[in-house]
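So the protein sequences, as listed, match chains A and B.
2 is the number of the first residue of the first sequence in this note's numbering; add one for each residue after it.
2 is the number of the first residue of the second sequence in this note's numbering; add one for each residue after it.
2 protein chains.
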Amino acid sequence: MSLVIVGTVAFDAIETPFGKTDKIVGGAATFAGLAASYLFPEVKLISVIGEDFGEDNLNILKSRGIQVEGVEIIPGGKSFFWSGKYHNDMNSRDTLITELNVLADFDPKIPASYQDCEYLLLGNLTPAVQMATLDRLENKPKLVVLDTMNFWMDVAMDELREVLKRVDVLTINDAEARQLSGEYSLVKAADKILQMGPKYLIIKKGEHGALLFGEGQIFSAPALPLADVFDPTGAGDSFAGGFIGYLAKLQSINFANMKNAIIFGSALASFCVEKFGTERLENLTQEEISNRIKEFVNLSKFEISE
Amino acid sequence: MSLVIVGTVAFDAIETPFGKTDKIVGGAATFAGLAASYLFPEVKLISVIGEDFGEDNLNILKSRGIQVEGVEIIPGGKSFFWSGKYHNDMNSRDTLITELNVLADFDPKIPASYQDCEYLLLGNLTPAVQMATLDRLENKPKLVVLDTMNFWMDVAMDELREVLKRVDVLTINDAEARQLSGEYSLVKAADKILQMGPKYLIIKKGEHGALLFGEGQIFSAPALPLADVFDPTGAGDSFAGGFIGYLAKLQSINFANMKNAIIFGSALASFCVEKFGTERLENLTQEEISNRIKEFVNLSKFEISE
Chain A
2 MSLVIVGTVA FDAIETPFGK TDKIVGGAAT FAGLAASYLF PEVKLISVIG EDFGEDNLNI
62 LKSRGIQVEG VEIIPGGKSF FWSGKYHNDM NSRDTLITEL NVLADFDPKI PASYQDCEYL
122 LLGNLTPAVQ MATLDRLENK PKLVVLDTMN FWMDVAMDEL REVLKRVDVL TINDAEARQL
182 SGEYSLVKAA DKILQMGPKY LIIKKGEHGA LLFGEGQIFS APALPLADVF DPTGAGDSFA
242 GGFIGYLAKL QSINFANMKN AIIFGSALAS FCVEKFGTER LENLTQEEIS NRIKEFVNLS
302 KFEISE
Chain B
2 MSLVIVGTVA FDAIETPFGK TDKIVGGAAT FAGLAASYLF PEVKLISVIG EDFGEDNLNI
62 LKSRGIQVEG VEIIPGGKSF FWSGKYHNDM NSRDTLITEL NVLADFDPKI PASYQDCEYL
122 LLGNLTPAVQ MATLDRLENK PKLVVLDTMN FWMDVAMDEL REVLKRVDVL TINDAEARQL
182 SGEYSLVKAA DKILQMGPKY LIIKKGEHGA LLFGEGQIFS APALPLADVF DPTGAGDSFA
242 GGFIGYLAKL QSINFANMKN AIIFGSALAS FCVEKFGTER LENLTQEEIS NRIKEFVNLS
302 KFEISE
């Protein structure tokens with residue numbers, strides 16, 4: 002039984018008010034995989050990289066026990082590269098460089114050893130790749146979580162809608178939920194989106210936390226207020242990885258467990274932003290995670306006795 | 002022992018995507034007073050109105066048991082009037098008309114019967130009026146809550162800082178917290194603001210809930226996701242009124258009670274926005290309030306057992 006994550010494994014170069022990096026390891030599947038690896042042991046990635054990525058960088062994943070047989074290495078190819086600069090508010094950023102490189106022709110290959118997949122995270126990629134992954138799995142996973150973004154709604158809405166019919170959980174931000182549904186009210190947006198296929202919708206609101214809709218219920222999860230957000234890159238992916246990793250560990254899918262999964266995802270995301278790139282997610286301890294979860298509990302707990 | 006609220010009692014004319022009103026009753030003290038009246042019986046207002054306000058409109062307050070001896074009626078004067086139009090997202094609005102009228106010369110008078118004030122809400126007004134009210138109370142209240150806005154930071158920052166030294170709780174929104182402190186991070190902003198005088202800081206984030214800082218702790222309160230926000234006017238004032246009304250009822254000020262007070266304030270605000278103006282706050286039942294509180298509990302409750 003495994004958790005399979007499809008997404009980018011890539012290089013990032015990041016500038017924030019706190020500093021600047023050269024090319025460092027990034028990518029949605031990287032962050033999601035690292036986050037999930039703290040909660041569930043059998044994490045398997047599907048991605049594509051160039052020869053430039055290098056064994057040392059792959060070891061960041063391998064040393065967390067993440068399987069990379071499905072990460073195709075294109076001989077002579079160059080890995081996907083993204084460079085961005087965050088503004089002072091850390092909530093907006095400019096993309097400086099996007100080089101698709103080997104990602105342009107990404108055709109996901111699923112190794113035979115991945116066919117035990119029961120939990121599947123379709124990271125933010127073109128809907129065609131997400132669909133191909135679903136088609137190539139011999140058995141329908143117990144849970145399919147899909148992450149996407151406004152860009153795919155702009156250029157591939159029809160394909161995106163087809164994939165949505167086959168997923169259990171959709172994670173998007175509030176602006177994307179409004180775009181996808183055409184509704185400003187998030188309650189109305191959720192109603193419409195839940196008719197498109199997903200049984201659960203998670204609306205990510207960054208520093209304002211997240212909302213979970215499903216089973217006729219709503220859950221509002223807090224975000225941990227942080228003194229410094231050092232580098233927001235990968236926070237959403239770490240959230241998704243922590244979320245599905247927790248559910249894979251629990252082997253039980255219902256609204257109550259989804260709520261806790263969101264708290265674990267939020268906790269992993271809160272670590273991610275403390276340092277540049279993957280640095281903070283490379284060597285967390287279970288104690289650190291457990292203490293962070295307690296912070297979330299204390300942050301939102303209240304008891305009203307009338 | 003009473004709860005005294007200083008603020009505007011006024012006329013509003015409001016346009017939202019749902020409709021348009023003629024002049025209807027509004028004002029910060031009106032909304033705060035109505036909200037507080039559901040939680041605490043001895044609510045007393047200090048304000049100024051013109052002869053145009055009329056007995057019928059004052060009865061909206063009186064019929065909720067709110068005392069208006071401190072609401073000065075200026076013979077021949079006209080009441081403060083504000084007119085605004087909300088955009089489709091309901092989070093931004095344009096002010097169409099602001100007529101200060103009798104508010105321009107507001108000099109708060111404190112009736113002898115108000116000198117039993119133990120809980121004081123200084124509604125959003127010029128800091129000079131807030132200061133005069135504090136000066137004219139013979140005994141220091143047990144709890145002083147101050148609401149203000151960016152406008153006073155722009156035009157009267159020095160006076161505002163003087164008042165801040167004398168209050169226990171400050172309620173502002175996130176943009177105002179950033180403006181007042183010069184810090185983008187709300188954690189750092191709160192640290193600085195708590196050094197300016199208040200022991201507690203509430204940062205209101207509208208549809209994203211609220212944060213409470215104080216006693217070295219942080220509480221994140223959810224906002225109830227609503228299908229329709231009919232008219233946001235008065236939501237912040239209803240929040241403040243519900244907040245201080247709950248603490249006045251409890252007669253006990255600590256972080257745990259403040260958390261619950263924020264939930265009650267949020268619940269009252271969530272009613273306020275369901276109809277135009279004060280309509281929804283005029284005849285709530287205790288059962289409706291109690292059910293709404295339960296919705297807040299369910300919205301944010303999670304239980305993690307590891």
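The beta-carbon is built from N, C-alpha and C at its ideal position, and this holds for glycine as well.
All values derive from a computational prediction rather than experimental measurement.
Two segments are said to touch when three or more pairs of C-beta atoms, one from each, lie closer than 8 angstroms; by this definition the region 198 to 210 of chain A touches the region 173 to 181 of chain A. By the rule that beta-carbons nearer than 9 angstroms mark a contact, residue 289 of chain B does not touch chain A.
If you look at residue 96 of chain B, you'll find it in the beta strand (DSSP E) that goes 94 to 100. For the region 225 to 238 of chain B, residues whose beta-carbon sits nearer than 7 angstroms to a beta-carbon of chain A comprise 226, 227, 228, 229. Apart from the 5 residues on each side of it in sequence, residue 63 of chain A sits with its Cβ closer than 8 angstroms to the Cβ of 69 in its chain, given in chain order. By the neighbour-count definition (other C-beta atoms within 10 Å, threshold 16), residue 298 of chain A is an exposed residue.
For residue 26 of chain A, none of the residues of chain B pass the 9 angstroms Cβ criterion, the least Cβ distance being about 27 angstroms. Here residue 52 of chain B is near residue 79 of chain B, since their CB atoms are less than 9 angstroms apart.
Closest option to residue 11 of chain A, judged by alpha-carbon separation, among A:5, A:21, A:61, A:40: A:61. In the three-state reduction of the DSSP assignment, residue 290 of chain B falls in the helix class, which pools H, G and I. Residue pairing by DSSP places residue 6 of chain A opposite A:46, A:122 in a beta bridge. If you look at residue 272 of chain B, you'll find it isn't in any beta strand (DSSP E); it sits in the alpha helix (DSSP H) that goes 256 to 273. Collapsing the DSSP output to three states places residue 13 of chain A in a strand.
Every beta strand (DSSP E) of 3 residues or more that sits fully in the region 178 to 261 of chain A is shown, in chain order, as 201 to 205, 211 to 215, 218 to 222. Straight-line measurement puts the Cα of residue 201 of chain B at about 51 angstroms from the Cα of residue 104 of chain A. Counting along the chain, residue 24 of chain B sits inside no beta strand (DSSP E), nor does DSSP assign it H or E at all. The region 269 to 285 of chain B and the region 225 to 240 of chain B touch, with no fewer than 3 CB-CB distances between them shorter than 8 angstroms. At a cut-off of 9 angstroms, the C-beta of residue 185 of chain A has a neighbouring C-beta in chain B. The beta-carbon separation of residue 305 of chain B and residue 294 of chain A, rounded to 6 angstroms, stays under the 8 angstroms limit for a contact. The shortest CA-to-CA distance from residue 13 of chain B to any of B:149, B:72, B:195, B:58 is the one to B:58. Contact note: residue 189 of chain A reaches chain B through 228, 229, using a C-beta cutoff of 9 angstroms and chain order.
Identification of chain B residues near residue 221 of chain A by a Cβ-Cβ cut-off of 8 angstroms yields 210, 223, 224, 226, 300, 301, ordered along the chain.
For residue 34 of chain A, the uninterrupted alpha helix (DSSP H) run begins and ends at 29 to 38, by DSSP. Of all residues in the region 83 to 102 of chain B, the ones placed with a Cβ closer than 8 angstroms to any Cβ belonging to chain A are 89, 90, 91, in chain order.
Secondary structure at residue 64 of chain B: coil, using DSSP grouped into helix, strand and coil. A straight-line Cα-Cα distance of about 33 angstroms links residue 84 of chain A and residue 92 of chain B. Around the C-beta of residue 99 of chain B, fewer than 16 other C-beta atoms lie within 10 Å, and the residue is accordingly described as exposed. Counting only residues of its own chain and dropping the five nearest sequence neighbours on each side, residue 95 of chain B has a CB closer than 8 angstroms to the CB of 85, 86, 88.
For chain B, the residues of the region 255 to 276 of chain A that bring a beta carbon within less than 9 angstroms of one of its beta carbons are 257, 260, 261, 263, 264, 265, in chain order. Looking at the backbone, the Cα of residue 183 of chain B and that of residue 222 of chain A are separated by about 28 angstroms. The C-beta of residue 140 of chain A has fewer than 16 other C-beta atoms within 10 Å across all chains shown, which makes the residue exposed. Inter-residue distance for residue 285 of chain A and residue 277 of chain A is about 15 angstroms (C-alpha atoms, whole angstroms). Taken through DSSP and simplified to helix, strand or coil, residue 148 of chain A comes out as strand.
The C-beta of residue 70 of chain A comes no closer than 9 angstroms to any C-beta of chain B. Residue burial annotation: residue 253 of chain B is exposed, with fewer than 16 other C-beta atoms found within 10 angstroms of its C-beta. Residue burial annotation: residue 2 of chain B is exposed, with fewer than 16 other C-beta atoms found within 10 angstroms of its C-beta.
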